[in-house]
Amino acid sequence: MFERLSEGFSTALRRLSGKGAITEDNVREAMGDIRDALLEADVHYDVVKQFTDEAMRDAVGREVTKSLEPGQEMIGVVHDRLVAMMSPADGSEPGVPRASPSPTVVMMCGLQGSGKTTTCGKLAAYLKKRGRSVMLAAADLQRPAAVDQLRIVAEQVRDEMPGGATVRFYAEPDKVAAYGKAVGVAVDVCKRAYAEAQKQGVDVLILDTAGRLHVNDELMQELERVNTALKPHQVLLVVDAMTGQDAINSAKAFHERLAIDGVILTKFDSDTRGGAAISVKHVTGAPIRFIGVGEKLDALEEFHAPRIAGRILGMGDVVSLVEKARDQVSDEDAERMAEKMAKGQLTMDDFLGQLRSLRKMGPMKQLLGMLPGVGSAIKDVNIDDKQLDRVEGIVNSMTAQERKHANLVNNSRRRRIAHGSGVGTTEVSQLLKQFDAVSKLSKQMSGMGMMGQMKAMRNLEQAGAGAMNNTQLPDMSGLRTRGSTHTVSPKKRFKQRKKR
Amino acid sequence: MGLFKSTFSKIRQGLTATRETLLGGVVDMLRGRTLNDELIDEIEARLIRADVGLTPTRRLIDGLRADYKAGKISRGEDVLEYLKRELKALWPEEDRRLRFAPPAEGGPHTPTVILVAGVNGAGKTTSIAKLAKALRDEGNTVLLGACDTFRAGAVRQLEIWAERLGVDVVRGKQGGDPGAVAFDACDAAVARKIDVLILDTAGRLHTQDPLMRQLVKIRDVTARRIPGAPHEVILVLDATAGQNAIRQAQEFSGAIGVTGVFLTKLDGTARGGVVIGVREALGVPVKFIGVGETLDDIQPFEPDAFVEAMFATE
Ligand SMILES: Nc1nc2c(ncn2[C@@H]2O[C@H](COP(=O)(O)OP(=O)(O)OP(=O)(O)O)[C@@H](O)[C@H]2O)c(=O)[nH]1
Ligand SMILES: [Mg+2]
């Protein structure tokens, strides 16, 4: 999609390149592609319309920068607008406030099946890790075994998650009743949970409410009553990231009744493009605070608008990849590597080291899916991690000298390496060729700005996609991603980007 | 097979006024209007807002425009007829029936096995309870298999439904092998001469390869224990889902050969239009819809009502 978008704009703007300003006719057609991309990503129809109209106004009259491809410049404009749309208006950071007197009350609400209970557990784990004591209160008296589920989750956070703070659980199992039979009872349960939390000196009280439809007046009133009785400091709406056009309707209704303070997007580890994020932010104005990225209790991440913007445009999720990489590599290592890359001194040993830490990050297909353009390209490709064993095998069969100076490898050496690692000589050549391409590229890329990197990435993508077809080395792109972004932390980069 | 018909007509009569609105009836935007380019644009927007997706929407709108230009369609109401025709062609009635194991002729008793799968929170467990009740009310003996050994409280949830229904559940250890539960459930169904065995599975994202492989294993276990099983593989899709549901359907189908969709949560404002894309991409029909949280909130899927609901008041 990113490819197509970028090309659409490039064609439309090529004539202009370097000589003038963007006109409406130039962009109209390409904007059509943007519109399609956003709709395919599940951004709401009305939001898309408004968005494309505004982006068009933004673009028209802009000078086309000489040095860049105009198509990418336009994508940049669109990307920045998406980021702006999803970023909190006040620039605030995710987190749970400290109320005084304690406890801080956080109320979770949302549609059925959006992931509230699991998210309660994740938030509790997040707080526990930060030294804040938590009480989880079961206010879903309706769904069978919802109380049991929260109790188990609370125990898991208490017993298995890092941090020293206490984790408590509050429930009144005897109040549980079949659907529609106990509406309103949750209000009193929440009040008593509050009193208990206060008595115990708990820092944060999290209320897990039953999932409900925004059109169910009776159940929505129940939430309103909890809201009036406890005056939660944070009302968080839990939204499934895979939600389609309806996200706008439900978010709006919840917001009108409860004045949402923030949003948590769940199931972001799926391959959804996640356009619901924009719709929800658009109608509630409430910032998206966290994203859920897995079923485990530590699978909760702070939300970063640029990441999701890229994903919506089909640009992949490079930043997540970088962060994953950070978990595996120390800062000094990374810096040393970046320096080497900048000087074009990358060796096969470095490569092997990188390959190994890359593989620690998870299955290749998942990692590659985060790269711009690659995600959709490899949807149906079966990536065999065994392939990487062979790559390791090849490098292992090289002498120390050869690893340092890959250009030493002549025909007879190549045969020896192939023999030693049990592969064909062409495979060895291919690996060396790709290694060469990547090390050249990484040299070029260091010192480029965002636009330049995007361009370079695109070139690499093409090389990468080619590599995929003959099932060689899809992983080398990971090498570049990490080296190229490590000199500045992702957070700083976002700030810089925002300033531009 | 006339199965389900009587149960469902009873349910239908019991529908409340609001539900009737949700399931069509009020087709305000088309009634009494003359078709023109502007209205066609509005219809296009409506389809997209119903999650029908760009490609199916374009196809439907192109067809509509062609009929309009050819003078075959002129009134707003005709649009409904056009869309109903299109969707009925997509989902012929025979495709929408539940598949059963062939009746045993002198051979050993063969339970019908229904395997139910879907992403987290789609509504699997609740839908299973609804299906179990409908089947039981039609005189079938039903057994449930609790193959969600992963999610906290999942087994208990299924057991509570089963207690309310008076049917049995085969369960295993929390955190245990779901394949082993499927194995035991199949053998229990055969031994007890059960008519229908329904297997609940843990919610999983279609992007999680190991969990998808686990599902294949469950499927294989049933096939080894009972000839022809699973006879029906139901993918539960949430009507609020957007275009990602097509990826879900592709991945689940690829892994376990989905034979029907159970579309849940149609009692909200979501229209579930993505099932059109699912059908176009995979040929899988929608068989049932969920319209609430109680046991009777199940209906057979009807293309007519589905189309009308799309044009009901938003
Ligand atoms: N309004 C409405 N709610 C539904 C419907 N079907 C299921 N639900 C609700 O959706 C929520 C999730 O349903 P479950 O049956 O637990 O979903 P599941 O797919 O089994 O969930 P996991 O096993 O956790 O993946 C519950 O609160 C159900 O009551 C429906 O048709 N309409
Ligand atoms: Mg379940």
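Residue numbers (our numbering), protein chains in the order written: chain A, 3 to 502; chain B, 35 to 348. Every residue, glycine too, gets a C-beta built ideally from N, C-alpha and C. Since the structure is predicted, the reported quantities are computational estimates derived from the model, not experimental observations.
Per DSSP, the unbroken beta strand (DSSP E) holding B/D272 starts and ends at E266 to D272. With its beta carbon less than 8 Å from one in chain A, B/L88 belongs to the interface.
Listed in chain order, the beta strand (DSSP E) elements of length 3 or more contained wholly in the segment 192-263 of chain B are 202-204 and 230-234. Interface annotation, B/V308: in contact with chain A, CB-CB separation under 8 Å. Among the residues facing chain A, B/L239 is included, as its CB has a counterpart in that chain under 8 Å away. One thing to note: A/Y181 has its Cβ within 8 Å of the Cβ of B/E327. Ligand 1 never approaches B/A216 closely enough for any of its heavy atoms to be under 7 Å from the residue's Cβ.
Among the residues of chain B, those whose CB is under 9 Å from the CB of A/Q151 are R185, A186, G187, A188, R190 and Q191, following chain order.
Between B/V255 and B/G152, the C-beta spacing is not below 8 Å. Ranking A/L84, A/V241, A/D205 and A/E56 by CA distance to the CA of A/I266 puts A/V241 first. Listed along chain A are L41, Y47 and Q247, each with a C-beta nearer than 8 Å to that of B/I82. B/G155 has a beta carbon lying within less than 8 Å of a beta carbon in chain A.
A distance criterion of 7 Å places the beta-carbon of B/D182 in contact range of ligand 2, judged by its closest non-hydrogen atom.
Taking 8 Å as the cut-off, the beta carbon of A/A243 is found closer than this to the beta carbon of A/T268. Around the Cβ of A/R145, a 10 Å sphere holds 16 or more other Cβ atoms; the residue is buried. A heavy atom of ligand 2 is found nearer than 7 Å to the CB of B/G237. Counted as a single uninterrupted DSSP element, the beta strand (DSSP E) harbouring A/Y172 occupies residues V169 to Y172. Under the Cβ criterion of 8 Å, A/S116 is counted among the residues facing chain B. In this structure, A/G133 is the residue among A/G133, A/C111, A/R100 and A/A301 with its C-alpha nearest to the C-alpha of A/G166. Across the segment 225-251 of chain A, CB contacts with chain B closer than 8 Å involve D242, M244, T245, G246, Q247, D248, A249 and N251, in sequence order along the chain. When the Cα atoms are used, B/Q208 and A/A147 turn out to be separated by approximately 14 Å.
Look at A/T120 here: in three-state DSSP terms it is helix. When secondary structure is reduced to three states using DSSP, B/L329 falls in the coil class, being assigned neither helix nor strand. Closer than 8 Å to the CB of A/K130 there is not a single CB belonging to chain B. In this structure, A/Q158 and A/L299 form a Cβ contact; the two beta carbons are roughly 6 Å apart against a cut-off of 8 Å. Closer than 7 Å at the C-beta level to chain A, one finds these residues of the segment 254-286 of chain B: D272, T274, A275, G276, Q277, N278 and R281. Between the alpha carbons of B/C181 and A/T427 lies a distance of about 49 Å. Separation of the CB atoms of B/T274 and B/G294 is rounded to 20 Å, and the pair is thereby denied contact status at 8 Å. DSSP places A/D242 in the strand class (E or B) of the three-state scheme.
Of all alpha-carbon atoms in B/L233, B/F296, B/D129 and B/L73, the one lying nearest the alpha-carbon of B/A196 is that of B/L233.
Between the segment 279-292 of chain A and the segment 333-343 of chain B there are fewer than three C-beta pairs closer than 8 Å, too few to call the two in contact. At a cut-off of 8 Å between beta-carbon atoms, B/D218 makes no contact with chain A. Relative to the non-hydrogen atoms of ligand 1, the Cβ of B/S287 never comes closer than 7 Å to any of them. Here A/G246 is buried, its C-beta having at least 16 other C-beta atoms within 10 Å.
In this structure, B/D272 places its C-beta atom within 8 Å of the C-beta atom of B/G157. Using a Cβ distance threshold of 8 Å, A/L434 and A/V397 do not count as a contacting pair.
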